[in-house]
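Taken in sequence, the protein lines are chains G and B.
First residue of the first sequence: 1471, per this note's numbering; consecutive thereafter.
First residue of the second sequence: 23, per this note's numbering; consecutive thereafter.
Yeah, the Cβ is synthetic: ideal placement off N, Cα and C, and Gly gets one too.
Worksheet for the structure shown next.
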Amino acid sequence: MPNPPAMPSTATVLRQIAALSLRRARRGRLVRVILVALALPLVASAFGLISGRGGLDFFEMLLTNYLRYLIPVVMSLQATATLAEEVQGRTLGYLFSRPIPRFSVPLGKYLANVTLSGTLLLASITLCYLISAGSEIFAGLDLLLGALGGVLLAACYFGAVAAAFGSLVTNHALTAMLIYVLAIDIGVGLIPGVKVVSAGIHLLAVVGLYRPHTNSFFAKDPQLSPGISLAVIAGMTVLWLILAISWVKSTEYRTDR
Amino acid sequence: MTPVVETNKLSKWYGKIAGVNDLTVKIGAGVTGLLGPNGAGKSTAIKLLSGALRPSKGELKVFGEPVWGNLETLRRIGHCPEHDGIYHDLTAVEFVAAMATLSGLDKRSAQSAASTALDRVKLGDARNRPIGQYSKGMRQRVKLAQAIVHDPDLVLFDEPLTGCDPVARAQIVALIKALGKEGKAVLVSSHILHEIEAMTDQIVLLYKGQVLADGNIYRIREMIDEHPHKVSVRCEHPRQLAAAIVEQSAISAVHFPDDQELLIETRMPDQCYGLLASAIVEGGFSVAALTSPDNNLQSVFEYLTRNRGPEGVADA
């Protein structure tokens, strides 16, 4: 047996928590569920190509649906993987009894979730582009580049939301996050005048797919610049992570109920 | 000698329910048993000591320092929880090595320490199998391995013998005694006096979140032996197992609550467990679970608190 070891550095701890999460995710059902979800736009792309409706406009439509629906849903699936599954599976005690900062658990899991889902999402959107762009492949490379950046940003943002929901709501984290991202965020994004509060709208603005409506009789949609929307999403990502971290730092998770 | 664990009027409340209440106790090196019926506050006390819970009131010090959020202190503690929660999708060596790394060992040392710890709990041959394929007793031993992999100075075992077959029980008892002999402070909780007695004669008796007595075990043992002790064995052929032991004088009665369970009553638990171990090994019985309902201990605790009060047993 070795002597009591030195304190692990925060970077080491984050890496280990992330590695542990990735190892478990690879062997669990989550990756398969995500792959099935990501197969849907590929099928749609192929259908678009076969039916002659493909092209860059079709890809823009796909990208909009990625940012508004698919990425929020895929990242919601990760919410339970933050702390909820550790609480439900009664394994959190193994982590919290180690000499590691409590905040490292949601943060390490966040890094793992974004790495895993981000990689799959980037591969998926690239394939969608290659399938749907057809003869316009080289003409739309700027669009693809923007799409990749937008998808990565969305994965980081919704991953942070998942980290917060997974830390705060340990019983029904997936349901709670789905309600937030699909009902509240999208719902707000449909209301003229206040849609600037919706993260989904800012993500569309970052990739240049936000189309403000100016003919509403009671409120006009605001104009959004990609730069400001990028800063808003980055700031919101940090805020969600801070919420997750501060909650975990001060909360006693009961694993005996 | 400076106590490893020192609490002063330590309380932990879950809303209006007290997990532990005004707990004042000192625990030094060697093996100490934390004995009490279910709901006595054993697990809460151990979770407080492991840093999983924050005290509501009072003082808790381990190695002279508070535990909650204190990484330096946590580094010196190993904790084996009571529940069966574990990473079923990892192999034993992956799990234990990951825990070692989180305790500060580098990757190579963690692998080596994990192998050593798994050898120590007699799981060396099964180290590369997913934990999900393990029996309950094997999972219990993996939990023990992760608790000792980083060579802690204080090891907390919460009901470590739960669900283990007689052979695994003997191995775990031997391990706990060895850790005590190595100079570590080992705190073992159980609701079964017989289990604690096999490891140590130093006990802290908990009841309703408070210390009812601490010190030597023998006086308490006498009182508890006045009550019938029950042992439940879940196996495929309970009637055949019963037939192998029922004639022995240590067995007061046998019952069959269902076709997979044998419930034994005894006033000689030592001999009873010995008989059971022999019968199981010789008959090749496959035992799914071996437990001891704590009704006997509960009745003794109620008897002690009702008729004698805490003072009556404090000098036990």
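In terms of alpha-carbon separation, which member of the options lies closest to residue i?
i: B/Ala-62; options: B/Gly-80, B/Ala-51, B/Asn-43, B/Arg-76; result: B/Asn-43
i: B/Leu-176; options: B/Tyr-156, B/Val-208, B/Arg-163, B/Ala-200; result: B/Val-208
i: G/Gln-1548; options: G/Ala-1646, G/Asp-1691, G/Ser-1574, G/Ala-1704; result: G/Ala-1646
i: G/Lys-1690; options: G/Lys-1665, G/Ala-1675, G/Leu-1673; result: G/Lys-1665
i: G/Thr-1585; options: G/Arg-1568, G/Met-1545, G/Ala-1609, G/Ile-1607; result: G/Met-1545
i: G/Gly-1588; options: G/Ser-1699, G/Val-1501, G/Pro-1571, G/Asp-1655; result: G/Val-1501
i: B/Leu-298; options: B/Arg-191, B/Tyr-36, B/Pro-59, B/Trp-35; result: B/Arg-191
i: G/Ala-1714; options: G/Asp-1612, G/Val-1506, G/His-1672, G/Phe-1573; result: G/Phe-1573
i: B/Gln-262; options: B/Phe-307, B/Leu-57, B/Leu-124; result: B/Phe-307
i: B/Gly-50; options: B/Asp-236, B/Ala-265, B/Tyr-109; result: B/Asp-236
i: B/Ala-135; options: B/Phe-117, B/His-172, B/Thr-113; result: B/His-172
i: B/Val-27; options: B/Gly-41, B/Lys-38, B/Val-47; result: B/Val-47
i: G/Ala-1633; options: G/Asp-1527, G/Gly-1498, G/Thr-1707, G/Arg-1538; result: G/Thr-1707
i: B/Leu-215; options: B/Thr-95, B/Val-84, B/Lys-69, B/Ile-239; result: B/Ile-239
i: B/Ile-25; options: B/Val-84, B/Pro-59, B/Gly-41; result: Reading off the sequence, residue 25 of chain B comes out as Pro, not Ile. The option with the nearest alpha carbon to B/Pro-25 is B/Val-84.
i: B/Asn-30; options: B/Leu-45, B/Lys-199, B/Thr-123; result: B/Leu-45
i: G/Ala-1481; options: G/Ala-1701, G/Leu-1510, G/Leu-1591, G/Ile-1570; result: G/Ile-1570
i: G/Asn-1641; options: G/Gly-1705, G/Ala-1551, G/Ser-1695; result: G/Ala-1551
i: B/Gln-168; options: B/Arg-98, B/Asp-281, B/Ala-122, B/Lys-158; result: B/Ala-122
i: B/Ser-274; options: B/Gln-293, B/His-259, B/Cys-257; result: B/Gln-293
i: G/Leu-1526; options: G/Glu-1606, G/Thr-1534, G/Glu-1722; result: G/Glu-1606
i: G/Val-1716; options: G/Ser-1637, G/Gly-1678, G/Ala-1701; result: Sequence inspection shows Ser at residue 1716 of chain G; the Val mentioned does not correspond to that position. Closest option to G/Ser-1716, Cα to Cα, is G/Ser-1637.
i: B/Leu-57; options: B/Ala-220, B/Asn-92, B/Lys-158; result: B/Ala-220
i: G/Ala-1509; options: G/Gly-1524, G/Leu-1490, G/Leu-1532; result: G/Leu-1532
i: B/His-251; options: B/Gly-100, B/Arg-98, B/Pro-291, B/Lys-158; result: B/Pro-291
Taking the alpha-carbon positions, what's the residue i to residue j distance?
i: B/Gly-334; j: G/Tyr-1650; result: Confidence at B/Gly-334 is low in this model, with a pLDDT of 39, below 50, so its placement is unreliable and the value that follows should be read with caution. Looking at the two C-alpha atoms, the distance is approximately 59 Å.
i: B/Asn-329; j: B/Leu-234; result: Because the pLDDT at B/Asn-329 is just 49, under 50, the model does not fix this residue reliably, and the point stays unresolved.
i: B/Ala-311; j: B/Leu-140; result: 22 Å
i: B/Glu-283; j: B/Ser-212; result: 22 Å
i: G/Tyr-1564; j: B/Gln-133; result: 18 Å
i: B/Lys-203; j: B/Ala-196; result: 10 Å
i: G/Gly-1697; j: G/Leu-1614; result: 18 Å
i: G/Leu-1660; j: G/Ala-1669; result: 12 Å
i: G/Gly-1578; j: G/Arg-1485; result: 7 Å
i: B/Thr-222; j: B/Leu-183; result: 14 Å
i: B/Ser-254; j: G/Val-1543; result: 48 Å
i: B/Glu-81; j: B/Gln-232; result: 15 Å
i: B/Cys-1; j: G/Ala-1630; result: An answer regarding residue 1 of chain B cannot be provided, because it is not within the stretch 23 to 338 covered by chain B.
i: G/Leu-1709; j: G/Tyr-1627; result: 10 Å
i: G/Val-1718; j: G/Phe-1635; result: 11 Å
i: G/Leu-1581; j: G/Ala-1488; result: 6 Å
i: B/Ala-40; j: B/Ala-148; result: 41 Å
i: G/Leu-1505; j: B/Lys-230; result: 51 Å
i: B/Ala-336; j: B/Ile-225; result: Because the pLDDT at B/Ala-336 is just 39, under 50, the model does not fix this residue reliably, and the value given afterwards should be weighed accordingly. Using only the alpha carbons, I get a separation of about 11 Å.
i: G/Gly-1705; j: G/Thr-1721; result: 24 Å
i: B/Pro-279; j: B/Ala-67; result: 33 Å
i: B/Glu-87; j: B/Leu-96; result: 10 Å
i: B/Asn-60; j: B/Ala-272; result: 26 Å
i: G/Val-1575; j: G/Leu-1591; result: 24 Å
i: G/Ile-1541; j: G/Asn-1583; result: 12 Å
i: B/Ala-301; j: G/Ala-1495; result: 43 Å
i: B/Ala-338; j: B/Thr-54; result: Interpretation of B/Ala-338 is limited by its pLDDT of 35, a score under 50 that renders its predicted location unreliable; no figure is taken from the coordinates.
i: B/Val-115; j: G/Leu-1652; result: 41 Å
i: B/Ser-314; j: B/Ser-125; result: 34 Å
i: B/Ala-120; j: B/Glu-304; result: 39 Å
i: G/Gly-1619; j: G/Val-1677; result: 8 Å
i: G/Gln-1693; j: G/Glu-1530; result: 20 Å
i: B/Gln-193; j: B/Asp-281; result: 29 Å
i: B/Val-143; j: G/Leu-1623; result: 47 Å
i: G/His-1672; j: G/Ile-1654; result: 15 Å
9 Å is my cut-off, CB to CB: does residue i come that close to chain C?
i: B/Gly-146; result: The structure shown has no chain C; the protein chains it does contain are G and B.
- Query: Three or more C-beta pairs closer than 8 Å, one from the segment 124–133 of chain B and one from the segment 150–163 of chain B: is that the case here?
  - Reply: no
- Message: Quick check for students: name the residue ranges of the alpha helix (DSSP H) that lie wholly in the segment 1648–1676 of chain G, counting only runs of 4 or more.
- Response: 1656–1659, 1669–1676
- Query: Using a Cβ cut-off of 7 Å, which residues of the segment 62–75 of chain B contact any Cβ in chain G, in chain order?
  - Reply: Ser-65, Ser-72, Gly-73, Ala-74, Leu-75
- Query: Three or more C-beta pairs closer than 8 Å, one from the segment 1509–1518 of chain G and one from the segment 1547–1562 of chain G: is that the case here?
  - Reply: no
- Task: Evaluate contact between the segment 24–40 of chain B and the segment 1596–1611 of chain G, counting only Cβ atoms and requiring at least three cross-stretch pairs below 8 Å.
- Result: no
- Query: Between the segment 161–168 of chain B and the segment 285–292 of chain B, are three or more C-beta pairs nearer than 8 Å?
  - Reply: no
- Of all the beta strand (DSSP E) runs that stay within the bounds of the segment 36–63 of chain B, which reach a length of 3 or more residues? 39–49, 52–57
- Residue ranges of each beta strand (DSSP E) run of no fewer than 3 residues wholly in the segment 191–230 of chain B, ordered along the chain? 207–212, 224–229
- Task: Taking 8 Å as the threshold, find out whether the segment 107–116 of chain B comes into contact with the segment 69–87 of chain B through three or more Cβ pairs.
- Result: no
- Item | Every unbroken alpha helix (DSSP H) within the segment 58–98 of chain B, with a cutoff of 4 residues, ordered by chain | 64–72, 93–96
- Task: Compile a chain-ordered list of the residues in the segment 214–239 of chain B whose CB is closer than 7 Å to at least one CB of chain G.
- Result: none
- alpha helix (DSSP H) runs contained entirely in the segment 97–181 of chain B, provided each spans 4 or more residues: 114–124, 129–142, 158–170
- Message: By the 8 Å beta-carbon criterion, what residues does the segment 1563–1588 of chain G contribute toward chain B?
- Response: Gly-1563, Tyr-1564, Leu-1565, Phe-1566, Ser-1567, Arg-1568, Pro-1569, Ile-1570, Pro-1571, Arg-1572
- Residue ranges of each alpha helix (DSSP H) within the segment 254–307 of chain B, 4 or longer: 260–267, 291–305
- Ordered list of beta strand (DSSP E) runs contained in the segment 1495–1533 of chain G, each at least 3 residues: none
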